[in-house]
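Here the structure comes first, spelled out in structure tokens, and everything after it is commentary.
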Amino acid sequence: MRSTVEPATQRSTPRIIAAAAAAADTVLILTFAAIGRDAHARGESVAGVLLTAWPFLAGAAAAWLLLRLWNRPLAVWPSGVAVWLGAVGIGMVLRALTGQAVVLLFIIVALLSLAVFLLGYRLLVAGLLRLRRSRRRS
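The number in the numbering used here is simply the position in the sequence shown, starting from 1, with 2 added.
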């Protein structure tokens, strides 16, 4: 059976999915930073959120680049776990190197919050895709 999708469209679909996953990771890390700033009454200015988020964004970006996560960007393992641990691990190191606070409770909160965000949407997408496939077979 021939595909009705153009070859160029077939090639661009993985790129679109990777870009969407990277954008989702970015938005969720920014959301984490904004929630944290709000919880500590530090204000929600764009500059303040970016100041808080940049180490985590850099860590996530490093994971994306070093592990070439664009090949399977929505996979919980290894992509989601790599982005999550890269964001927290590298993010905390960068925070420490730039004089930002790094305390055990904050590390725990970041681990838990970013796990829910960065792994959660990937689990949700995997479940929806599985449901869609099972409905097609029925």
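The C-beta atom is built at its ideal place from N, Cα and C for all residues, glycine as well.
{"Query": "Residue 88 beta carbon less than 9 Å from that of residue 112", "Result": "no"}
{"Query": "Range of the contiguous alpha helix (DSSP H) that encloses residue 56", "Result": "48-68"}
{"Query": "Pairwise C-alpha distance: residue 133 and residue 49", "Result": "41 Å"}
{"Query": "Residue 137, enclosing alpha helix (DSSP H) - first and last residue", "Result": "122-139"}
{"Query": "Beta-carbon gap between residue 59 and residue 93 smaller than 9 Å", "Result": "yes"}
{"Query": "Candidates 103, 30 and 121: closest to residue 42 by CA position", "Result": "103"}
{"Query": "Three-state class that DSSP yields for residue 16 in the structure shown", "Result": "helix"}
{"Query": "Residue 87, DSSP secondary structure in three states", "Result": "helix"}
{"Query": "Where residue 4 sits in the DSSP three-state scheme", "Result": "In this prediction, residue 4 has a pLDDT of 46, which is less than 50 and means its spatial position is unreliable; nothing more can be read from the coordinates."}
{"Query": "N-terminal and C-terminal residue of the alpha helix (DSSP H) that residue 118 is part of", "Result": "Counting along the chain, residue 118 falls outside any alpha helix (DSSP H), and DSSP gives it neither H nor E."}
{"Query": "Beta carbon of residue 115 nearer than 9 Å to that of residue 38", "Result": "yes"}
{"Query": "Distance CB(residue 53)-CB(residue 124) smaller than 9 Å", "Result": "no"}
{"Query": "Cβ neighbour criterion (16 or more within 10 Å) applied to residue 31", "Result": "buried"}
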